[in-house]
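Visitor: All letters in the sequence shown, in the order written, are residues 50 to 253 by the numbering used here.
Sharing a structure, written as structure tokens. Questions coming.
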Amino acid sequence: MDTGGSCFPKDVRALIRTASDVDCQMRILSSVEEVNDAQRKLLAYKVIGRFGQDLSGKRFGLWGLAFKPNTDDMREATSRVLIRSLLSRGASVAAYDPVAIEEAARVIDSDLGDDLPAKSRLSFVADKMAAIEGADALIVVTEWKEFKSLNFAEIGETLKHPIIFDGRNLYEPEDMGRLGFEYYGVGRSNMSTEKRRSTIRSAD
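Next comes the structure, spelled out in structure tokens:
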């Protein structure tokens, strides 16, 4: 998982620049920066790996926009990278955050610039269940407390397909499999469709 916000990425970049000014290579810090950048793209990679490069006609519900819970700070937020990536491939996105909606709308509108078609496929909603109504998948981006204890039966009925991309590892893969979800976490085993069927059969 990445480190969003302004402090850590800014400090790493500043140290790299300072070292460069005195002809010193900071390979470890450069690697840290590269890994952090890659981690912000990881959820997009997982979605593309599951649905393909062309996401036209697909709709995704995003839970969480701020870079961490209990703030509306959108600096270096994973949601910004993810939303741009999904929209650029033709997807529609409905996003929910309990605090950061207003700030996210402002920041992401700036990120998208003059791309009016992309903007037309992005909506911000005031309720987490509205975000996933008829969605091809739920993508959890920020680990807000309200996302931890859920009615998964209701979620499964609300989604078009019972697919969850869990960017913060809030849920256990085996539990998701038993509940009938196709589950993708970060740095842990996924619950693919075939594996999910096997888990459900073994639980019967």
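For each residue, glycine too, the CB sits at the ideal point set by N, CA and C.
If you're wondering where the values come from, they're calculated on a predicted model, not measured in any experiment.
Leaving out the 5 sequence neighbours to the left and right, which residues in its chain are closer than 8 Å to G205 when beta-carbon positions are compared?
Guide: Result list for G205: P211, L228, G229 and F230, in chain order.
Visitor: Starting from S141, trace the beta strand (DSSP E) in both directions and tell me its first and last residue.
Guide: Here the beta strand (DSSP E) through S141 covers S141 to Y145.
Visitor: Just curious, the beta strand (DSSP E) that R108 is in, first and last residue?
Guide: Start and end: R108 to W112.
Visitor: Considering only DSSP beta bridges, list what E151 is partnered with.
Guide: Looking at the DSSP assignment, E151 forms no beta bridge with any residue, so it has no partner.
Visitor: If I follow the unbroken beta strand (DSSP E) through E223, where does it start and stop?
Guide: Careful: E223 lies outside any beta strand (DSSP E), inside the alpha helix (DSSP H) at P222 to R227.
Visitor: Could you tell me whether the Cβ atoms of G101 and V189 are closer together than 8 Å?
Guide: Not closer than 8 Å, so no.
Visitor: Where Y145 and A154 are concerned, what is the direct C-alpha to C-alpha distance, given to the nearest angstrom?
Guide: Rounded to whole angstroms, Y145 to A154 spans 11 Å at the Cα level.
Visitor: Under three-state DSSP, which class holds L187?
Guide: DSSP places L187 in strand when its eight states are reduced to three.
Visitor: May I ask you to report which of helix, strand or coil DSSP gives D215?
Guide: In this structure, D215 counts as strand in the three-state DSSP scheme.
Visitor: Do Y232 and K95 come within 8 Å of each other at the CB atom, strictly closer than that value?
Guide: Cβ distance not < 8 Å, so K95 and Y232 don't count as in contact.
Visitor: Between I132 and R99, what straight-line distance do the alpha-carbon atoms span, to the nearest angstrom?
Guide: Rounded to the nearest angstrom, the two C-alpha atoms are 16 Å apart.
Visitor: Determine the extent of the beta strand (DSSP E) in which L171 is found, giving its start and end residues.
Guide: Start and end: L171 to F173.
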